[in-house]
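Here the protein sequences line up with chains P and Y, keeping their order. Numbered per the working numbering, the first sequence spans residues 69 to 259. Numbered per the working numbering, the second sequence spans residues 69 to 259. C-beta: ideal position from N, C-alpha, C; glycine also. Predicted, not measured: the structure shown is a model, and the values here were computed from it. Here's the structure we're looking at; comments come further down.
There are 2 protein chains.
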Amino acid sequence: MHLLEERIRKDGVVKAGNVLKVDSFLNHQMDIALFNEMGKEWKRLFEGIKVNKILTIEASGIGIAAIAAQYFDAPVVFAKKTMTINLDGELYTTQVESFTHQRVYNVVISKRFLTPNDHVLIIDDFLANGNAINGLMEMIKQAGATLAGVGIAIEKGFQNGGRALREKGIKLESLAVIKSMDDVKGTIEFM
Amino acid sequence: MHLLEERIRKDGVVKAGNVLKVDSFLNHQMDIALFNEMGKEWKRLFEGIKVNKILTIEASGIGIAAIAAQYFDAPVVFAKKTMTINLDGELYTTQVESFTHQRVYNVVISKRFLTPNDHVLIIDDFLANGNAINGLMEMIKQAGATLAGVGIAIEKGFQNGGRALREKGIKLESLAVIKSMDDVKGTIEFM
């Protein structure tokens, strides 16, 4: 998606350790007009595929998923990273290792919100090693729901997550796929 | 807001300890069509007041704020509850005690996204004792930004947060204010 690539080139900052900071428009400050364009693009890319639920994971996927959901007329469920006193009863659970936070989270979804009737589109901001997406897919499997596909804003194409999903035959639509980036020169190359 | 009150009556569940579960439509599964109606209502209530930024706190405020922001043509900034390796440099920081999670969080906002030029509307899902809102207001003050007002989905009117904000002269617009609730009878009364 040209608009997103241009925005990453303009406002993204490459840091050491393969970190791409896009916090000025994607995951700390959020450009809602851009999110609407991303939502429209996913709708086009998943045209004809049944989707009745959007699934994401807190926190940085939530805003993107909420805006995108408007184009699918579907509610959003976000997986939660900690057990709260408000989350009682029956839960799907898994563990996800966070690249950014360098720790392992317990991730939960209430069984009431993911069922065998659901055709689920996963939406998230980043795909690197695919840990978060694999965790969400594991919970979709636990629920007996159908995975409609995966929509990602920024895929780090030089890490393994995207290739592994495509090899499984999963419909993955990443709006910007980074081929390489260089924190010394500050350059970003897209696929 | 009648639509939200009706939805709380229909799908809200009162639990012991003054806990109101609205996770089927507000803060785990999110009804995006309802959020759009809430956004329109806040726009009406804050008509004529300058707003160029929406501020919320992760995680459950993000979806509501993102949808509401469409009616204000403003970006959303969400305060983060943990320090990540992606959040370097200059930060506004404060501490917030969570009623739901029964713990104290460090909360941060990058200084780049809150400045003296900003007229900030705070949006959040719940107002009880006001700890989260007070933390966000503290960071608005640190930034020298202007507080335009506070928009809340559900205010627990029997706790102190709302009264304290109104006594300070802050424009607070809660779309549903709960007068009392009873977990044995399962009843909810609104103001």
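| field | Beta carbon proximity, P:I153 to chain Y, threshold 8 Å | value | Counting from 1 along the first sequence, the entry for residue 153 of chain P is found at position 85. Because the pLDDT of P:I153 is 49, which lies under 50, any placement of that residue in the model is unreliable, and the number read from its coordinates should be weighed accordingly. By this cut-off, P:I153 is an interface position.
| request: Anything in chain Y within Cβ reach of P:V175, meaning under 7 Å, just list it in chain order. | output: Your numbering for residue 175 of chain P matches position 107 in the first sequence. Within 7 Å Cβ-Cβ: nothing; P:V175 doesn't reach chain Y, min ~12 Å.
| query | What span of residues does the beta strand (DSSP E) with P:R77 cover, start to end? | reply | As a position in the first sequence, residue 77 of chain P is number 9, starting the count at 1. Premise fails: P:R77 lies in the alpha helix (DSSP H), H70 to D79, not in any beta strand (DSSP E).
| query | Are Y:D193 and Y:S92 closer than 8 Å when you measure CB to CB? | reply | Taking the first residue of the second sequence as 1, we reach residue 193 of chain Y at position 125. Taking the first residue of the second sequence as 1, we reach residue 92 of chain Y at position 24. Cβ atoms of Y:D193 and Y:S92: not closer than 8 Å.
| field | Interface flag, P:V164 vs chain Y, CB-CB below 8 Å | value | The residue labelled residue 164 of chain P in the question sits at position 96 within the first sequence. Taking 8 Å as the CB threshold, P:V164 stays off the interface with chain Y.
| query | How many Å lie between P:G225 and Y:W110 at the Cα? | reply | Translated into the one-based positions of the first sequence, residue 225 of chain P becomes position 157. Translated into the one-based positions of the second sequence, residue 110 of chain Y becomes position 42. Roughly 41 Å between the two C-alpha positions.
| said: By the DSSP assignment, the beta strand (DSSP E) with P:K89 in it spans what residues? | reply: Stepping through the first sequence from its first residue, residue 89 of chain P is reached at position 21. Counting along the chain, the beta strand (DSSP E) containing P:K89 begins and ends at V87 to K89.
| task | Quick one: grab the DSSP three-state call for P:M259. | result | Your numbering for residue 259 of chain P matches position 191 in the first sequence. Three-state result, P:M259: coil.
| Beta-carbon separation of P:Q163 and P:V145 under 8 Å? | Mapped onto the first sequence, residue 163 of chain P falls at position 95. Mapped onto the first sequence, residue 145 of chain P falls at position 77. Annotated as distal: P:Q163 and P:V145, with beta-carbon spacing of 8 Å or more.
| request: Label P:V252 either buried or exposed according to how many other C-beta atoms from any shown protein chain fall within 10 Å of its C-beta, with 16 as the threshold for buried. | output: Translated into positions along the first sequence, residue 252 of chain P becomes position 184. Burial call: exposed.
| Should Y:E126 and Y:A147 be called a contact, given that it needs their Cβ atoms to be closer than 8 Å? | Reading the second sequence from its first residue, position 58 is the one you call residue 126 of chain Y. Reading the second sequence from its first residue, position 79 is the one you call residue 147 of chain Y. It is a contact, given that the beta carbons lie within the stated cut-off.
| query | Tell me, which residues are paired with Y:M249 by DSSP? | reply | In the second sequence, residue 249 of chain Y corresponds to position 181, counting from 1. Per DSSP, Y:I256.
| query | From the beta carbon of P:G249, is the nearest beta carbon of chain Y less than 8 Å away? | reply | By 1-based counting over the first sequence, the position of residue 249 of chain P is 181. Sequence check: residue 249 of chain P is Met here, not Gly. Answer no: the Cβ-Cβ gap between P:M249 and chain Y never drops below 8 Å.
| Using a Cβ-Cβ distance under 8 Å, would P:A134 count as near chain Y? | In the first sequence, residue 134 of chain P corresponds to position 66, counting from 1. Yes, P:A134 lies at the interface with chain Y (some Cβ there is under 8 Å from its Cβ).
| query | Hey, does Y:Q227 have any beta-carbon neighbour from chain P nearer than 8 Å? | reply | Here residue 227 of chain Y corresponds to residue number 159 of the second sequence, with the count starting at 1. No, its Cβ sits nowhere closer than 8 Å to a Cβ of chain P.
| Of all the CB atoms in chain P, is at least one closer than 8 Å to the CB of Y:V145? | In the second sequence, residue 145 of chain Y corresponds to position 77, counting from 1. Yes, its Cβ sits closer than 8 Å to a Cβ of chain P.
| said: To test your reading of the DSSP string, which unbroken beta strand (DSSP E) runs of 3 or more residues are found completely within the region 134-198 of chain P? | reply: You should have 144-147, 159-166, 171-178 and 187-195.
| query | With a CB to CB cut of under 8 Å and the five nearest residues on each side skipped, what residues in its chain are close to Y:M69? | reply | By one-based count along the second sequence, residue 69 of chain Y stands at place 1. Closer than 8 Å at the Cβ level, and outside the excluded window around Y:M69, lie E105, M106, E109, L243 and A244.
| Is the Cβ of Y:E105 closer than 8 Å to any Cβ of chain P? | The residue given as residue 105 of chain Y occupies position 37 in the second sequence. Y:E105 does not count as touching chain P.
| request: Output yes if chain P places a C-beta closer than 8 Å to the C-beta of Y:K118; else output no. | output: Residue mapping note: residue 118 of chain Y aligns to position 50 of the second sequence, counting from 1. It does not: the Cβ of Y:K118 has no partner Cβ on chain P nearer than 8 Å.
| query | For P:G212, which residues does DSSP report across the bridge? | reply | The residue labelled residue 212 of chain P in the question sits at position 144 within the first sequence. BP columns for P:G212 are empty, so no partner.
| Hey, how far is the Cα of P:L189 from the Cα of Y:K236? | Working through the first sequence from its first residue, we reach residue 189 of chain P at position 121. Working through the second sequence from its first residue, we reach residue 236 of chain Y at position 168. The straight-line gap from Cα to Cα measures roughly 44 Å.
| task | Can you check DSSP and say which residues form a bridge with Y:E241? | result | As a first step, residue 241 of chain Y must be located in the second sequence, where it is residue number 173. Y:G219.
| So, is the C-beta of Y:Q210 closer than 8 Å to a C-beta in chain P? | Taking the second sequence and counting its residues from 1, one reaches residue 210 of chain Y at position 142. So no, Y:Q210 is outside the interface.
| message | According to DSSP, is P:L204 part of a helix, a strand, or is it coil? | response | As a first step, residue 204 of chain P must be located in the first sequence, where it is residue number 136. Residue state, collapsed to three classes: helix.
| field | Proximal residues to Y:N228 (C-beta, below 8 Å), its chain only, five neighbours per side dropped | value | Mapped onto the second sequence, residue 228 of chain Y falls at position 160. N197 and G198, listed in sequence order.
| query | How big is the Cα-Cα spacing for P:T124 and P:E257? | reply | Here the question's residue 124 of chain P lines up with position 56 in the first sequence. Here the question's residue 257 of chain P lines up with position 189 in the first sequence. Cα-Cα distance, rounded: 27 Å.
| request: Please report how far the alpha carbon of Y:I153 lies from the alpha carbon of P:I208, in whole angstroms. | output: As a first step, residue 153 of chain Y is located in the second sequence; it is residue number 85 there, counting from the start. As a first step, residue 208 of chain P is located in the first sequence; it is residue number 140 there, counting from the start. In this prediction, Y:I153 has a pLDDT of 49, which is less than 50 and means its spatial position is unreliable; what the coordinates show is noted afterwards. Put simply, the backbone Cα of Y:I153 is about 30 Å away from that of P:I208.
| What is the DSSP secondary structure of Y:K236, counted as helix, strand or coil? | Along the second sequence, read from residue 1 onward, the residue named residue 236 of chain Y stands at position 168. Coil.
| query | Are Y:I100 and P:A137 close, meaning C-beta to C-beta below 8 Å? | reply | Residue numbering aside, residue 100 of chain Y sits at position 32 when the second sequence is read from its first letter. Residue numbering aside, residue 137 of chain P sits at position 69 when the first sequence is read from its first letter. Yes, the pair counts as a contact, with Cβ atoms nearer than the cut-off.
| task | Go ahead and label Y:S248 buried or exposed: buried means 16 or more other beta carbons lie within 10 angstroms of its beta carbon, across all protein chains shown. | result | Looking up residue 248 of chain Y in the second sequence gives position 180. Exposed is the call here.
| said: Quick test of your reading: Y:G254 and Y:V82, contact by CB under 8 Å. State the CB separation rounded to the nearest angstrom. | reply: Locating residue 254 of chain Y in the second sequence gives position 186, where the first residue counts as 1. Locating residue 82 of chain Y in the second sequence gives position 14, where the first residue counts as 1. Indeed they touch by this definition, with Cβ atoms about 6 Å apart.
| said: Mapping the DSSP letters down to three states, classify P:I125 as helix, strand or coil. | reply: Stepping through the first sequence from its first residue, residue 125 of chain P is reached at position 57. Correct three-state label for P:I125: strand.
| request: Tell me whether P:R75 is buried or exposed, calling it buried when 16 or more other Cβ atoms sit within 10 Å of its Cβ. | output: Locating residue 75 of chain P in the first sequence gives position 7, where the first residue counts as 1. So P:R75 ends up on the buried side.
| message | Let's test the definition: count the other Cβ atoms within 10 Å of the Cβ of P:N95 and tell me whether it reaches 16, buried, or not, exposed. | response | For this step, residue 95 of chain P is matched to residue 27 along the first sequence. With 16 or more Cβ atoms within 10 Å of its Cβ, P:N95 is classed as buried.
| query | In chain order, what residues of the same chain lie with their CB nearer than 7 Å to the CB of P:Q210, ignoring the 5 residues before and after it? | reply | Residue mapping note: residue 210 of chain P aligns to position 142 of the first sequence, counting from 1. Cβ within range, chain order: Y160.
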